[in-house]
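Colleague: Structure below; questions to follow.
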Amino acid sequence: MMMVGETALVTAVKPNSDAEAKGLKPGDTVLAIDGFRPSRENMWKMYHRYYALMPASAIKLTVQSPEETQPRQIQVQASIERRANVAQWDQVFVRGQRERWYTYHDRFVEVGKDLLIWQMPTFSVPEEHVDSAMTKAQKFKTLIIDLRGNSGGYVKTLERLAGSFFDHEQKIADLKGRKEMKPVAAKPHGEQFKGQLIVLVDSESASAAELFARTIQLQKRGTVIGDRTAGAVMTSRVFEHQSGVGTVLYFGNSIAIADMIMPDGASLERLGVQPDELVLPTGADIAATRDPVLTRAAALAEVRLDPEKAGSLFPKDWRIK
């Protein structure tokens with residue numbers, strides 16, 4: 266699920282899960298989770314509670330489908346694996362990383378000869394990864410970068426991507442912390458992309474994704490379309506720890522160390538980026554696999570792309586076993 270505007274909607278249901286068996290469907294509105302209404306302010310707390318602090322064997326949901334007039338309650342069971350010892354957690358980690366790759370890898374779609382759509386799910390990739398994508402984009406008149414669901418990543422990757430669109434050094438943000446730190450800045454490199462740029466964002470676009478979108482807005486380099494972003498841009502540092510002798514448990518803390526101040530003097534923390542065009546899918550759109558956001562972006566590029574076709578371009582990839 267995710268927030269769309271101020272409403273929590275189910276965006277995908279894993280095949281063969283208990284949720285699917287209980288009738289949970291994409292497009293359903295989530296009215297309550299164990300009695301608490303999800304919102305932009307508390308969604309991160311729910312994720313932290315259920316995925317880190319206290320995983321639950323079952324969750325009670327109050328949901329309502331687009332075609333229904335009354336909400337319904339269901340109890341969804343989690344899939345639980347019991348393992349003999351902690352040493353096997355390395356297998357869990359590797360499998361989890363593999364699942365994340367299959368679910369969140371970059372994808373490209375060429376629409377005719379003039380439009381390239383790049384679904385970029387993370388900034389946690391090497392700078393060379395960006396260079397390869399931008400080389401692909403050079404032959405197109407319009408580039409749509411889909412940052413929906415992109416939770417950020419490396420600052421260097423952000424600087425590299427932004428540097429592909431400006432012919433001069435461009436400040437992205439100043440770092441405001443306890444110590445003086447160098448600003449985040451984009452430096453031009455290689456061949457600049459001079460065509461039309463459209464950036465797609467949603468409530469799960471965070472950190473580097475927000476900074477990139479806002480930079481494009483402030484410098485009037487492109488158009489940002491979609492939903493207000495997460496408002497989670499503070500720079501953090503990871504402190505690694507370990508505990509135990511023989512069998513060692515590794516863990517860590519991610520601590521915020523600085524706020525990001527944009528060139529207009531504002532911080533995006535808790536506010537997010539307000540898109541140039543607010544375009545939100547409805548529950549009925551999600552249920553029917555329609556993508557009105559991508560359709561609108563294509564229209565700005567003078568390309569006809571109906572919502573059903575747009576919604577089929579990037580299907581949800583579950584883990585490939």
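Start counting the sequence shown at 266; every next residue gets the next number (the working numbering).
Glycine included, C-beta positions come from ideal geometry on N, C-alpha and C.
1) So what does Val466 bridge to, in DSSP terms?
2) Given Met308, which residues of its chain have a CB within under 7 Å of its CB, disregarding the five upstream and five downstream residues?
3) Considering only C-alpha positions, which residue in the set Gly428, Lys441, Ala549 and Asp492 is nearest to Gln539?
4) Answer with buried or exposed for Val513, where buried requires no fewer than 16 other C-beta atoms within 10 angstroms of its C-beta.
5) Note down, one range per segment and in chain order, each alpha helix (DSSP H) of at least 4 residues found wholly within the region 274-347.
6) According to DSSP, is Trp366 helix, strand or coil?
7) In the DSSP assignment, find the unbroken alpha helix (DSSP H) run with Ala575 in it and report its ends.
8) Rounding to the nearest angstrom, what Cα-Cα distance links Glu333 and His370 in this structure?
9) Quick one: measure Cβ to Cβ for Leu274 and Thr294, integer angstroms, because I've assumed they're closer than 8 Å.
10) Given a cut-off of 8 Å, decide if Glu469 and Gly537 are closer than it, judged by their beta-carbon atoms.
11) Comparing C-alpha positions only, which one of Lys404, Gly455 and Gly509 sits nearest to Val376?
12) Quick check on DSSP: helix, strand or coil for Phe373?
13) Keeping to the same chain, check which residues put their C-beta closer than 6 Å to that of Gln338; ignore five residues upstream and five downstream.
14) Around the C-beta of Asn212, are 16 or more other C-beta atoms found within 10 angstroms, so that it is buried, or is it exposed?
15) Taking just the CA atoms, how far does Val278 sit from Ala291?
Modeller: In terms of the structure at hand:
1) Gly491
2) Met268
3) Asp492
4) exposed
5) 283-286 and 308-313
6) Per-residue confidence for Trp366 stands at a pLDDT of 48, beneath the threshold of 50, marking its modelled position as unreliable; no derived number is given.
7) Pro572 to Ser577
8) 35 Å
9) 6 Å
10) no
11) Lys404
12) strand
13) Thr327
14) Any question about residue 212 goes unanswered here, given that the chain covers just 266 to 586.
15) It should be pointed out that residue 291 corresponds to Pro in this sequence rather than to Ala. Their backbone Cα atoms lie some 6 Å apart in a straight line.
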